[in-house]
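Numbered according to the numbering used here, the sequence shown spans residues 108 to 611.
All C-beta atoms in this analysis are idealised placements derived from N, C-alpha and C, irrespective of residue type, glycine included.
These numbers were taken from a predicted model, which means no experiment stands behind them.
The structure appears below as structure tokens.
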Amino acid sequence: MNFIKQFSKSLIAVFAILMLVFLLLLLGVIEYNSEIFGRFFIGAGLLALGQSVFLTAIDESVIKAGRAIGNSIMRIKNIWIVLLFGFIFGFVTTIAEPDVQVLVGELLDINPLMSSFLLISIFGIGAGLLIVLAFIRILKNLKLKWILLFLYAIIFVLATFCPETYFGLAFDSGGVSTGVITVPFILSLMIGICAIRSGSGKDDNFGAAAIISTGPIIAVLCLGIILGPTDNIVSYTPENAAFITVLIDQICNVVLALSPLILTFLVMQFFLLKIPTKSVVKILIGFLIVGIGLICFLTGIYYGFSTMGIFIGNSLALSSSQWFVIIFGFFIGWALVFTEPAIIVLVEQIEDVTTGFLKKSTVFVTLACGVAFAVSLAFIRIFYQISLWYFLLPFYAICIILNFIVPKIFSSIAFDGGGIAAGTMAVAFILPICVGICNAFGYDIIIYAFGVVGLVATAPILAVQVLGLIYMINKNKKDKRAIINLIKEKARERANENIQNINN
Numbered sequence: 108m109n110f111i112k113q114f115s116k117s118l119i120a121v122f123a124i125l126m127l128v129f130l131l132l133l134l135g136v137i138e139y140n141s142e143i144f145g146r147f148f149i150g151a152g153l154l155a156l157g158q159s160v161f162l163t164a165i166d167e168s169v170i171k172a173g174r175a176i177g178n179s180i181m182r183i184k185n186i187w188i189v190l191l192f193g194f195i196f197g198f199v200t201t202i203a204e205p206d207v208q209v210l211v212g213e214l215l216d217i218n219p220l221m222s223s224f225l226l227i228s229i230f231g232i233g234a235g236l237l238i239v240l241a242f243i244r245i246l247k248n249l250k251l252k253w254i255l256l257f258l259y260a261i262i263f264v265l266a267t268f269c270p271e272t273y274f275g276l277a278f279d280s281g282g283v284s285t286g287v288i289t290v291p292f293i294l295s296l297m298i299g300i301c302a303i304r305s306g307s308g309k310d311d312n313f314g315a316a317a318i319i320s321t322g323p324i325i326a327v328l329c330l331g332i333i334l335g336p337t338d339n340i341v342s343y344t345p346e347n348a349a350f351i352t353v354l355i356d357q358i359c360n361v362v363l364a365l366s367p368l369i370l371t372f373l374v375m376q377f378f379l380l381k382i383p384t385k386s387v388v389k390i391l392i393g394f395l396i397v398g399i400g401l402i403c404f405l406t407g408i409y410y411g412f413s414t415m416g417i418f419i420g421n422s423l424a425l426s427s428s429q430w431f432v433i434i435f436g437f438f439i440g441w442a443l444v445f446t447e448p449a450i451i452v453l454v455e456q457i458e459d460v461t462t463g464f465l466k467k468s469t470v471f472v473t474l475a476c477g478v479a480f481a482v483s484l485a486f487i488r489i490f491y492q493i494s495l496w497y498f499l500l501p502f503y504a505i506c507i508i509l510n511f512i513v514p515k516i517f518s519s520i521a522f523d524g525g526g527i528a529a530g531t532m533a534v535a536f537i538l539p540i541c542v543g544i545c546n547a548f549g550y551d552i553i554i555y556a557f558g559v560v561g562l563v564a565t566a567p568i569l570a571v572q573v574l575g576l577i578y579m580i581n582k583n584k585k586d587k588r589a590i591i592n593l594i595k596e597k598a599r600e601r602a603n604e605n606i607q608n609i610n611n
């Protein structure tokens with residue numbers, strides 16, 4: 108039953124993209140290419156199937172293992188062990204993230220001189236170290252707003268010394284590093300460490316993903332400073348490898364990605380967890396099914412979606428006006444919000460926090476406008492060759508300022524939600540479109556195509572904080588009205604008492 112539910116959600120996401128592609132075909136923006144469309148249909152089917160299998164099995168593998176580890180840590184109540192496990196699982200879950208695999212794969216296709224092992228390891232180390240900081244924040248009762256101010260100050264200082272060729276990759280890595288594998292482990296470990304420190308509130312569970320997502324950004328910027336500038340890449344021709352070749356490559360990638368996570372779980376089971384053998388077998392079977400789902404998912408992306416995205420980007424650049432492409436970017440960004448199931452969770456959280464004041468429809472429209480605007484900005488940035496710095500610096504400056512104004516819970520949810528919109532479709536479809544546009548105009552692909560995921564990730568942060576500001580203003584108005592009504596009521600009571608005294 109759960110599989111059918113997940114499959115229906117995945118089909119909706121894929122159907123939205125299919126409709127956009129067919130619209131471009133009907134408008135004559137793209138021409139029909141039997142090979143590319145054939146690969147796209149196969150890829151769409153595999154993506155929907157793989158995502159459904161993956162999301163169905165993750166409850167019986169990753170999440171169940173995370174809960175078992177969180178409960179064990181809660182019993183030990185040893186701070187240093189908690190911090191060590193936080194780093195280990197931050198590392199192994201980040202390298203297993205599907206969106207991380209897709210982002211690195213997209214980059215390596217364009218620049219094969221980069222090292223997959225180095226990049227994924229850098230992402231994992233950055234995320235692991237920042238999980239430790241997230242735990243320390245709770246143990247020392249540090250304010251999230253000051254932590255984020257400190258981290259983003261470091262990011263923008265590093266960015267001044269880092270070659271621009273690493274900007275896009277750095278901010279994209281932050282958007283994809285907190286996904287469906289990392290977050291369940293984070294939440295489980297957060298519950299454990301909150302139990303160690305008495306007085307932790309429910310707000311402490313929010314904000315961890317916001318802190319962790321800065322880790323890969325800082326790590327990649329440091330890598331860029333160390334390695335120095337890379338060569339400009341202004342031309343890229345997709346290989347269009349055979350299906351069996353793509354499938355074998357993804358089997359190898361998934362085995363390498365999940366092996367450290369499974370091995371870590373087994374080691375902890377032997378020394379710490381001691382859960383029943385029957386349950387361990389079920390979890391391992393769950394990991395096997397997750398692996399099969401990931402193989403289908405990644406094969407679908409690399410075989411069909413990326414190829415179609417680059418084809419659309421090339422066609423848009425060569426056959427359409429810039430304004431048409433920018434408007435198309437707005438609509439594809441709008442559709443993107445409704446293709447990411449995790450956004451539904453974020454919307455429900457906001458409605459719950461505001462006790463129904465901010466309705467789901469309002470939040471959805473706000474997020475859709477924010478993401479649509481971000482995708483349009485990404486296309487504008489390509490056409491006018493504007494540095495990513497000039498977009499992200501003011502965006503994050505506004506977000507950090509609002510962080511000190513809006514209620515704490517809104518800021519926490521906002522920064523946690525940054526990676527939600529920057530999910531699979533952003534990496535697998537919108538990024539290749541940007542690559543195709545750069546390829547058609549001869550612009551540097553690494554500088555101008557990469558960074559779109561980072562831009563999309565800022566949209567929910569700003570949108571949710573604006574909603575928090577609206578909520579705060581309306582709440583203050585209600586409080587003021589309540590006080591005024593109370594004063595009036597007291598005045599009437601006193602007037603009635605005076606009249607009664609006079610009559611007496």
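- Closest in alpha carbon position to LEU443, among ILE124, LYS116 and ILE580, is ILE124.
- Straight-line spacing of the CA atoms in TYR273 and LEU214 works out to 11 Å.
- When secondary structure is reduced to three states using DSSP, ASN510 falls in the helix class.
- Assigned with DSSP and collapsed to three states, TYR259 falls in helix.
- Contact between the stretch 240-259 and the stretch 405-423 is absent, with fewer than three C-beta pairs closer than 8 Å.
- Looking at the backbone, the Cα of ILE165 and that of SER468 are separated by about 29 Å.
- Apart from the 5 residues on each side of it in sequence, ILE149 sits with its Cβ closer than 7 Å to the Cβ of TYR410 and GLY411 in its chain, given in chain order.
- Taking 8 Å as the cut-off, the Cβ atoms of VAL136 and SER483 do not count as close.
- The stretch 385-433 is shown to contain whole alpha helix (DSSP H) runs of 4 or more residues at 413-426, in chain order.
- For ILE176, the closest of GLN376, GLY393, ALA485 and CYS506 by C-alpha to C-alpha distance is GLN376.
- A direct Cα-to-Cα measurement between GLN357 and ILE188 gives close to 34 Å.
- Rounded to the nearest angstrom, the Cβ distance from ILE552 to VAL542 is 6 Å, consistent with a contact under 8 Å.
- The alpha-carbon separation between LEU255 and GLY286 amounts to approximately 20 Å.
- In this structure, the CA atom of GLY233 is about 14 Å from the CA atom of LEU265.
- For GLN429, the CB contacts under 6 Å within the same chain, skipping 5 residues up- and downstream, are PHE490 in chain order.
- Taking a C-beta distance under 8 Å as the contact criterion, PHE161 and PHE404 qualify as a contact pair.
- In this structure, ILE333 sits away from LEU423, with a CB-CB distance that is not shorter than 8 Å.
- Under the three-pair Cβ rule at 8 Å, the stretch 222-231 counts as touching the stretch 196-204.
- Note that the stretch 508-519 does not touch the stretch 390-403; fewer than 3 beta-carbon pairs, one per stretch, sit closer than 8 Å.
- Under the Cβ criterion (8 Å, minimum of three pairs), the stretch 352-368 does not count as touching the stretch 318-325.
- In this model, SER223 and LYS116 are separated by some 31 Å (Cα to Cα).
- Annotation for ASN546: the continuous alpha helix (DSSP H) segment containing it runs 538-548.
- When the five nearest sequence neighbours on each side are left out, the beta carbons in the same chain lying within less than 6 Å of the beta carbon of LEU330 are those of ILE229, in order along the chain.
- Between the alpha carbons of ALA570 and ILE540 lies a distance of about 25 Å.
- The residue among ALA481, THR163 and LEU576 with its C-alpha nearest the C-alpha of LEU495 is ALA481.
- Looking at CYS359, GLY145 and GLY477, the one whose alpha-carbon comes closest to that of GLY212 is CYS359.
- Under the three-state reduction of DSSP output, ASN360 falls in the helix class.
- Of TRP441, ILE340, TYR343 and TYR139, the smallest CA-CA separation from VAL563 is found for TRP441.
- Here ALA535 has VAL209, ILE408, PHE412 and SER413 as same chain residues with Cβ atoms under 7 Å from its own Cβ, once five neighbours each way along the sequence are excluded.
- Straight-line measurement puts the Cα of GLY393 at about 15 Å from the Cα of PRO383.
- Residue range 552-555 is occupied by the alpha helix (DSSP H) that includes TYR555.
- Our two residues, GLY416 and LEU237, have alpha carbons roughly 33 Å apart in a direct line.
- For ILE325, the closest C-alpha among the options GLY157, ALA349, LEU258 and ILE293 is that of LEU258.
- Judged by DSSP in its simplified three-state form, CYS269 adopts coil rather than helix or strand.
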